[in-house]
Amino acid sequence: MDLWDALRTKRERRMSGEYRREKRLRTRSVAGTMALGTTLAEMLMPVPRLVILRGEVGAGKTTLVKGIAEALGAATEDEVTSPTFTLVHEYVGPKVHLFHLDLYRLETEEQIAVLGLEEMVAQENALVMVEWGERFESVVAMATAEIAMGQGEAEEERLLVVRWDR
Ligand SMILES: Nc1ncnc2c1ncn2[C@@H]1O[C@H](COP(=O)(O)OP(=O)(O)OP(=O)(O)O)[C@@H](O)[C@H]1O
Ligand SMILES: [Mg+2]
Numbered sequence: 377m378d379l380w381d382a383l384r385t386k387r388e389r390r391m392s393g394e395y396r397r398e399k400r401l402r403t404r405s406v407a408g409t410m411a412l413g414t415t416l417a418e419m420l421m422p423v424p425r426l427v428i429l430r431g432e433v434g435a436g437k438t439t440l441v442k443g444i445a446e447a448l449g450a451a452t453e454d455e456v457t458s459p460t461f462t463l464v465h466e467y468v469g470p471k472v473h474l475f476h477l478d479l480y481r482l483e484t485e486e487q488i489a490v491l492g493l494e495e496m497v498a499q500e501n502a503l504v505m506v507e508w509g510e511r512f513e514s515v516v517a518m519a520t521a522e523i524a525m526g527q528g529e530a531e532e533e534r535l536l537v538v539r540w541d542r
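In the numbering used here, each residue's number is its place in the sequence shown (first place is 1) plus 376.
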């Protein structure tokens, strides 16, 4: 199994089979991951609206959101921090209303239900990016895209697989 395949578990391979489009990206530094924000912002707008960000702790999910927020003019790099404890951060840009969630600390569908994800997605110009969203059936059901991130061969290398259009 190569590094790209390792970005998918069996269940995720089945899930991702539902997506019709797939793009692989590679970065070699934090700055490189942030720069991918511009490419991804273009790919993901105006739809998909709910994007699941998958990857181990430290894969670079939050770093990628920094890049996307900056590309959208919704926030500067420093303004985007991990929503691990706050659960949701919101950044309003000229064209996009960005929601950034981290569900790592949540465990049940009941906890997800009170977050108001449907309302976020229904907001005009919403882009909802959810770290650790793949752990919840209800979030997977709402997702219109996913980005899987993993460590590459070098310390600062990261591989990304973007899937959308299902
Ligand atoms: N190419 C790279 N892209 C992104 N981060 C990198 C890269 N190389 C090294 N790093 C480091 O990896 C870490 C990524 O942290 P980040 O908070 O973005 O991860 P995360 O996937 O959001 O983790 P968590 O699941 O804990 O929220 C940072 O410490 C960053 O400096
Ligand atoms: Mg994070």
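Where is the CB? At the ideal position from N, CA and C, for every residue including glycine.
Going by C-alpha to C-alpha distance, which of the options sits closest to residue i?
i           : options            : result
residue 485 : 464, 501, 509      : 509
residue 455 : 524, 409, 441      : 441
residue 539 : 396, 515, 444, 433 : 396
residue 492 : 406, 424, 504      : 504
residue 513 : 526, 527, 530, 489 : 489
residue 453 : 423, 526, 406      : 406
residue 517 : 526, 499, 481, 494 : 494
residue 383 : 526, 433, 420, 419 : 526
residue 533 : 477, 403, 424      : 403
residue 445 : 522, 502, 433      : 502
My assumption, with CB atoms under 8 Å, is that residue i sits in contact with residue j. Please give the rounded CB distance.
i           : j           : result
residue 450 : residue 474 : 5 Å
residue 479 : residue 511 : 7 Å
residue 424 : residue 521 : 4 Å
Does residue i come out as helix, strand or coil in the three-state DSSP assignment?
i           : result
residue 511 : helix
residue 463 : coil
residue 408 : helix
residue 442 : helix
residue 427 : strand
residue 505 : strand
residue 414 : helix
residue 527 : strand
residue 538 : strand
residue 379 : coil
Would you call the CB atoms of residue i and residue j closer than 9 Å?
i           : j           : result
residue 537 : residue 401 : yes
residue 431 : residue 524 : yes
residue 428 : residue 515 : yes
residue 409 : residue 439 : yes
residue 380 : residue 535 : yes
residue 460 : residue 481 : yes
Exercise. When a residue counts only if its C-beta is closer than 7 Å to some heavy atom of ligand 2, which residues count, in chain order?
Worked result: Neighbourhood of ligand 2, defined by CB distance below 7 Å to any of its heavy atoms: 437, 438, 458, 460, 478, 507, in chain order.
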